[in-house]
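Q: One structure follows; several queries about it will come next.
Number of protein chains: 4
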Amino acid sequence: MIKVKLLDYTPEPERVVAMAARLCYSAAGAEELAERLSEEKVREMVRKMVKIGHGSTLEHASFTFGIEGVSRVLTHQLVRHRIASYDQQSQRYVAAHGFQYITPPTIAERPEAKAKYEALMETIRGVYDELTEMGVPKEDARYVLANATETKILVTMNARSLMHFFNLRCCNRAQWEIREMAYKMLAEVKKVAPTLFFNAGASCVNTGHCPEGEMTCGKFAEMIKLREKD
Amino acid sequence: MIKVKLLDYTPEPERVVAMAARLCYSAAGAEELAERLSEEKVREMVRKMVKIGHGSTLEHASFTFGIEGVSRVLTHQLVRHRIASYDQQSQRYVAAHGFQYITPPTIAERPEAKAKYEALMETIRGVYDELTEMGVPKEDARYVLANATETKILVTMNARSLMHFFNLRCCNRAQWEIREMAYKMLAEVKKVAPTLFFNAGASCVNTGHCPEGEMTCGKFAEMIKLREKD
Amino acid sequence: MIKVKLLDYTPEPERVVAMAARLCYSAAGAEELAERLSEEKVREMVRKMVKIGHGSTLEHASFTFGIEGVSRVLTHQLVRHRIASYDQQSQRYVAAHGFQYITPPTIAERPEAKAKYEALMETIRGVYDELTEMGVPKEDARYVLANATETKILVTMNARSLMHFFNLRCCNRAQWEIREMAYKMLAEVKKVAPTLFFNAGASCVNTGHCPEGEMTCGKFAEMIKLREKD
Amino acid sequence: MIKVKLLDYTPEPERVVAMAARLCYSAAGAEELAERLSEEKVREMVRKMVKIGHGSTLEHASFTFGIEGVSRVLTHQLVRHRIASYDQQSQRYVAAHGFQYITPPTIAERPEAKAKYEALMETIRGVYDELTEMGVPKEDARYVLANATETKILVTMNARSLMHFFNLRCCNRAQWEIREMAYKMLAEVKKVAPTLFFNAGASCVNTGHCPEGEMTCGKFAEMIKLREKD
Numbered sequence: 001m002i003k004v005k006l007l008d009y010t011p012e013p014e015r016v017v018a019m020a021a022r023l024c025y026s027a028a029g030a031e032e033l034a035e036r037l038s039e040e041k042v043r044e045m046v047r048k049m050v051k052i053g054h055g056s057t058l059e060h061a062s063f064t065f066g067i068e069g070v071s072r073v074l075t076h077q078l079v080r081h082r083i084a085s086y087d088q089q090s091q092r093y094v095a096a097h098g099f100q101y102i103t104p105p106t107i108a109e110r111p112e113a114k115a116k117y118e119a120l121m122e123t124i125r126g127v128y129d130e131l132t133e134m135g136v137p138k139e140d141a142r143y144v145l146a147n148a149t150e151t152k153i154l155v156t157m158n159a160r161s162l163m164h165f166f167n168l169r170c171c172n173r174a175q176w177e178i179r180e181m182a183y184k185m186l187a188e189v190k191k192v193a194p195t196l197f198f199n200a201g202a203s204c205v206n207t208g209h210c211p212e213g214e215m216t217c218g219k220f221a222e223m224i225k226l227r228e229k230d
Numbered sequence: 001m002i003k004v005k006l007l008d009y010t011p012e013p014e015r016v017v018a019m020a021a022r023l024c025y026s027a028a029g030a031e032e033l034a035e036r037l038s039e040e041k042v043r044e045m046v047r048k049m050v051k052i053g054h055g056s057t058l059e060h061a062s063f064t065f066g067i068e069g070v071s072r073v074l075t076h077q078l079v080r081h082r083i084a085s086y087d088q089q090s091q092r093y094v095a096a097h098g099f100q101y102i103t104p105p106t107i108a109e110r111p112e113a114k115a116k117y118e119a120l121m122e123t124i125r126g127v128y129d130e131l132t133e134m135g136v137p138k139e140d141a142r143y144v145l146a147n148a149t150e151t152k153i154l155v156t157m158n159a160r161s162l163m164h165f166f167n168l169r170c171c172n173r174a175q176w177e178i179r180e181m182a183y184k185m186l187a188e189v190k191k192v193a194p195t196l197f198f199n200a201g202a203s204c205v206n207t208g209h210c211p212e213g214e215m216t217c218g219k220f221a222e223m224i225k226l227r228e229k230d
Numbered sequence: 001m002i003k004v005k006l007l008d009y010t011p012e013p014e015r016v017v018a019m020a021a022r023l024c025y026s027a028a029g030a031e032e033l034a035e036r037l038s039e040e041k042v043r044e045m046v047r048k049m050v051k052i053g054h055g056s057t058l059e060h061a062s063f064t065f066g067i068e069g070v071s072r073v074l075t076h077q078l079v080r081h082r083i084a085s086y087d088q089q090s091q092r093y094v095a096a097h098g099f100q101y102i103t104p105p106t107i108a109e110r111p112e113a114k115a116k117y118e119a120l121m122e123t124i125r126g127v128y129d130e131l132t133e134m135g136v137p138k139e140d141a142r143y144v145l146a147n148a149t150e151t152k153i154l155v156t157m158n159a160r161s162l163m164h165f166f167n168l169r170c171c172n173r174a175q176w177e178i179r180e181m182a183y184k185m186l187a188e189v190k191k192v193a194p195t196l197f198f199n200a201g202a203s204c205v206n207t208g209h210c211p212e213g214e215m216t217c218g219k220f221a222e223m224i225k226l227r228e229k230d
Numbered sequence: 001m002i003k004v005k006l007l008d009y010t011p012e013p014e015r016v017v018a019m020a021a022r023l024c025y026s027a028a029g030a031e032e033l034a035e036r037l038s039e040e041k042v043r044e045m046v047r048k049m050v051k052i053g054h055g056s057t058l059e060h061a062s063f064t065f066g067i068e069g070v071s072r073v074l075t076h077q078l079v080r081h082r083i084a085s086y087d088q089q090s091q092r093y094v095a096a097h098g099f100q101y102i103t104p105p106t107i108a109e110r111p112e113a114k115a116k117y118e119a120l121m122e123t124i125r126g127v128y129d130e131l132t133e134m135g136v137p138k139e140d141a142r143y144v145l146a147n148a149t150e151t152k153i154l155v156t157m158n159a160r161s162l163m164h165f166f167n168l169r170c171c172n173r174a175q176w177e178i179r180e181m182a183y184k185m186l187a188e189v190k191k192v193a194p195t196l197f198f199n200a201g202a203s204c205v206n207t208g209h210c211p212e213g214e215m216t217c218g219k220f221a222e223m224i225k226l227r228e229k230d
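Chains as they are written, first to last, in the UniProt record's numbering: chain A, 1 to 230; chain B, 1 to 230; chain C, 1 to 230; chain D, 1 to 230.
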């Protein structure tokens, strides 16, 4: 089970976005900016920044997630997002005896596949233990560990980078595991910054535009049809 | 007068760094990490991360500064630091009638130079006003504005990027204006994260190493001599 | 007059993009990839990468521009693009006696405005010379220089970053000077990588989508109308 | 066997660095810069840029490597370097039947360990085949693949980012596999840009400074002793 915990974030993330917006367009100094904005004004300005895509203002708000119960498949995809900060549980320094693992639904739902999968994971655990007992260092014994092996990772992204992450990873074309994690992250940030993330999600939802071309899932075409019916 | 105000920052910035460190090297999950670290343990781990240069852990803590009373000379240098987020008062949208300006000390201390400088700024103010009255848009009238013109900027950097910024800009080879600002930023973050920034500053102070080669200011050589005397 | 010269670029920029694409989706090794692709196949693959927005493949091709005849207004906007590399003529180290300057068209076309503008530039030149003669260092004398002052800059961007740059800066909402430069850069890269940049330009042209919301120039709405007429 | 092939790079990488350096410090325009520099002058300027650490000038030269014969352990470490561009052979789209794999020396040199390791890889191959035959999609079957599984990746880095990469990954504290790859990359770039990379390598070699603190390998302390003997 993927666990996503919002460990830390910029206090009042929407206020800092509003302050940044106001700084650009007014003569007010930083101190004035901090004091005078009402809750309602903050929401109005944040909504405007999101709508016109004034991305720089969104970068001042950062969010740190503690993530567990995910595979190394997922983290190898995740860390390709470069405008972000990561710290991951090390397989060089942390022993993996009796490691946990992720089972894809397409395997879990096929009993025969599931049995073979679980037996293999048990075999890998055994070989890992044997290798380390023979004196192979952890950093090398881990070469036997499967992509499925559970890992933990700390991720920090600012709101702009998160929105782009959601564009790609909430998309139906993303793999199920990272998509599930992306939706959990989105749910977390919506709790603390509902206006900032009011329309965040896959590109089609967020920008009204599907960039997948011929590889589209078809959802966007359906959205267009529904709109035309109205 | 340069005004630097720490407007916002990751709450408990040192705790998040310690959590990231612990995640890398232990089997503990994110939730456990958050709960169990004492103040003293946090400080011990942060100090270690800084000393061994485990930079990724420092990135989870972010700091947002409101900066005023600085010139466009300074901001043109500042925004060259790319691992950071900026929003700056716009000369396209905000009118600059009667703009304020920065006077370099080497000009302020020469009465004749100062007089000419101030007269020129007055002239520029006049031409700016005349141009806008003739119908020239603000975005074009600003072509007459001097580098000295006062500007305001919001800057967010994470702790790792900040340390690199201090390495370069607290250095005696940096220009006086950005160096003054850098020291004010350093003073601000030291108040809220004293362990994280305990040895932050110019490269020679921070890393015990001067990268300026033949362009060195000489301070580092003196530090070495002093050390050898002990 | 803005001068944009493509000084250097990845040889065969489209081939490297095609190779990257092929690596992702086939079992072929790097060596095979390099050898077997025909010109036509390269073009076909590049066109596909651009259409489906597989941005990572576009990053392997880089372009270096030498740019002259632009103002510090422009470069202050330019260097805000952070996924790029810059080196700019230094006002700290290079003397600005008799500097050149840029005149915005809205000023050039108003004779009275133009006269005042040119007289002011002459005055600034005089004050700059006087200050340096009094012993004010170049790095401080430059505080009097106008935003209009001509500068030179070297810029390197990869194709993905360039496309984003064109999205924003070929847009009618960008300022005239940087837009003119962006179009010149686009013309240069089209010469050496016509398929890669076949639909590059403002967002509306490139992505079929205008992100400017209520601040739109109206061009996109017109494009939609024209399309509906067909 | 790790294969590193330099597939593409900025033509005359040292010349572009020298041009960038000259642009910063002289009044020459981009065109003049390109024409007038002799080979010897280029080398002299590049050497100076490297020595004084004027990193921005190094960024204009980019290098693209085709890499094969490496494990997913290595690529998961590699892609953590964020100032770089990657395209990797996809386990979602490319079938892994009969995949190749990397064997760590500490396993290869222990016959019993080696036998168990190879048997396990055979078992994994079998399970992967069975799962895909049962209808499990490739993107999910790959959850059984080991970290050891061979992969291919295309990497582009500019010279500055490469130098930092060598600082960390040529270091004795890096894992053997990525260190071996780093040295091969270094050998490749030295062939085409010997002055640019004349002192590139681990931090101790490159900067005369070991940042590893208490986790040092001891090599730097030995270097210091040797230097003192002279």
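Glycine included, each C-beta is placed from N, C-alpha and C at the ideal position.
Bear in mind the structure is a predicted one, so any value in this text is a computation, not a measurement.
Is there a Cβ of chain D sitting closer than 8 Å to that of G29 (chain C), yes or no?
A: So yes, G29 (chain C) belongs to the interface.
Q: Could you check if A61 (chain D) is buried or exposed, using at least 16 other CB atoms within 10 Å of its CB as the buried criterion?
A: Buried.
Q: On the three-pair Cβ rule with 8 Å, is the segment 183-203 of chain A touching the segment 156-174 of chain A?
A: Verdict: yes, contact present.
Q: Taking Cβ-Cβ distances below 8 Å as the criterion, which residues of the segment 189-217 of chain A are in contact with chain C?
A: T207, G208, H209, P211, E212, G213, E214, M215
Q: At a CB distance below 8 Å, what residues from the segment 76-90 of chain A approach chain B? Give them in sequence order.
A: S85, Y86, D87, Q88, Q89, S90
Q: Taking a cut of 9 Å between CB atoms, which residues from the segment 111-124 of chain B lie near chain C?
A: E112, A113, K116, Y117, A119, L120, M121, T123, I124
Q: Are the beta-carbon atoms belonging to L145 (chain C) and F166 (chain C) less than 8 Å from one another?
A: No, the Cβ-Cβ distance between L145 (chain C) and F166 (chain C) is not below 8 Å.
Q: Reducing DSSP to helix, strand and coil, say where S26 (chain A) ends up.
A: DSSP places S26 (chain A) in coil when its eight states are reduced to three.
Q: For E212 (chain C), tell me which candidate among A:V79, A:G53, A:L6, A:T10 has the shortest Cα-Cα distance.
A: That would be A:G53, whose Cα lies nearest to the Cα of E212 (chain C).
Q: Who does F63 (chain A) pair with in a DSSP beta bridge?
A: Note: F63 (chain A) sits in a beta bridge opposite A:Y9, A:M157.
Q: By Cβ distance below 7 Å, which residues in the same chain neighbour A84 (chain D) in space, the five residues on each side in sequence not counted?
A: V155, T156, M157, S161
Q: Based on Cα-Cα distance, which residue from C:A115, C:G135, C:Y128 lies nearest to V127 (chain B)?
A: The shortest Cα separation from V127 (chain B) among C:A115, C:G135, C:Y128 belongs to C:A115.
Q: Taking a cut of 9 Å between CB atoms, which residues from the segment 56-74 of chain C lie near chain B?
A: S71, R72, V73
Q: So with Cβ pairs under 8 Å, would you call L131 (chain A) a contact of chain D?
A: yes
Q: Considering S85 (chain C), what are the terminal residues of the beta strand (DSSP E) in which it resides?
A: Note, S85 (chain C): beta strand (DSSP E), 85-88.
Q: Just the C-alpha distance for L120 (chain C) and N147 (chain B), rounded to the nearest angstrom, thanks.
A: Between L120 (chain C) and N147 (chain B), the alpha-carbon positions lie close to 14 Å from each other.
Q: Shorter than 8 Å from the beta carbon of G98 (chain A) to some beta carbon of chain G?
A: Included in the structure are the protein chains A, B, C and D, with no chain G among them.
Q: Please list the residues of the segment 137-155 of chain B that have a C-beta atom closer than 7 Å to any C-beta atom in chain C, keeping them in chain order.
A: P137, E139, D140, R142, Y143, V144, L145, A146, N147, A148
Q: Given a threshold of 16 other Cβ atoms within 10 Å of its Cβ, counted over all protein chains shown, does E39 (chain D) qualify as buried or as exposed?
A: Exposed, by the Cβ-count rule.
Q: Find the residues of chain A that neighbour R92 (chain D), judging by a C-beta separation of less than 8 Å, and give them in chain order.
A: Around R92 (chain D), the beta-carbon contacts reaching into chain A at under 8 Å are Q175.
Q: Below 8 Å on the Cβ atoms is my guess for G208 (chain B) versus E150 (chain B); work out the distance and round it to an integer in Å.
A: With a Cβ gap of about 37 Å, G208 (chain B) and E150 (chain B) do not count as contacting.
Q: Confirm, please, whether the CB-CB distance from Y9 (chain A) to T57 (chain A) is below 8 Å.
A: no
Q: If the cut is a Cβ gap below 8 Å, which residues of chain B does T10 (chain A) touch?
A: D8, Y9, T10, S62, T64
Q: Using CA coordinates, which residue listed in C:R92, C:S71, C:E133, C:K51 is at the minimum distance from Q77 (chain B)?
A: Minimum Cα distance to Q77 (chain B) is reached at C:R92.
Q: Counting Cβ pairs, one atom from each stretch, are 3 or more of them under 8 Å apart for the segment 130-139 of chain A and the segment 99-107 of chain D?
A: Yes, they touch.
Q: Quick one: what does DSSP say E150 (chain C) is sitting in, helix, strand or coil?
A: strand
Q: Look at the alpha carbon of L6 (chain B) and the alpha carbon of C210 (chain A), and state the distance between them as a whole number of angstroms.
A: Straight across, the Cα-Cα distance linking L6 (chain B) with C210 (chain A) is about 40 Å.
Q: Curious, which full-length beta strand (DSSP E) runs of at least 3 residues does the segment 172-214 of chain B contain?
A: none
Q: Using three-state DSSP, classify S71 (chain D) as helix, strand or coil.
A: S71 (chain D) falls in the strand class under three-state DSSP.
Q: Please work out which residues of its chain come closer than 6 Å, Cβ to Cβ, to V73 (chain A), disregarding the five sequence neighbours upstream and downstream, and give them in chain order.
A: Closer than 6 Å at Cβ, skipping near neighbours: N147.
Q: Among A:I67, A:P111, A:E130, which residue has its Cα nearest to the Cα of H97 (chain A)?
A: A:E130
Q: Consider the Cβ of I52 (chain D): report whether some Cβ of chain B lies at a distance smaller than 8 Å.
A: Yes, I52 (chain D) lies at the interface with chain B (some Cβ there is under 8 Å from its Cβ).
Q: With DSSP run on the structure shown, which of helix, strand or coil describes V4 (chain D)?
A: strand
Q: Kindly identify the DSSP beta-bridge partner or partners of Y143 (chain B).
A: Answer is none; Y143 (chain B) lacks a bridge partner.
Q: Just the chain B side, please: which residues come within less than 9 Å of A16 (chain A) by C-beta, in chain order?
A: It should be noted that the sequence gives Val, not Ala, for residue 16 (chain A). Under the 9 Å cutoff, chain B gives L7, D8, T64, L154, T156.
Q: Terminal residues of the continuous alpha helix (DSSP H) containing R82 (chain B)?
A: It is not in any alpha helix (DSSP H) - R82 (chain B) carries neither H nor E in the DSSP assignment.
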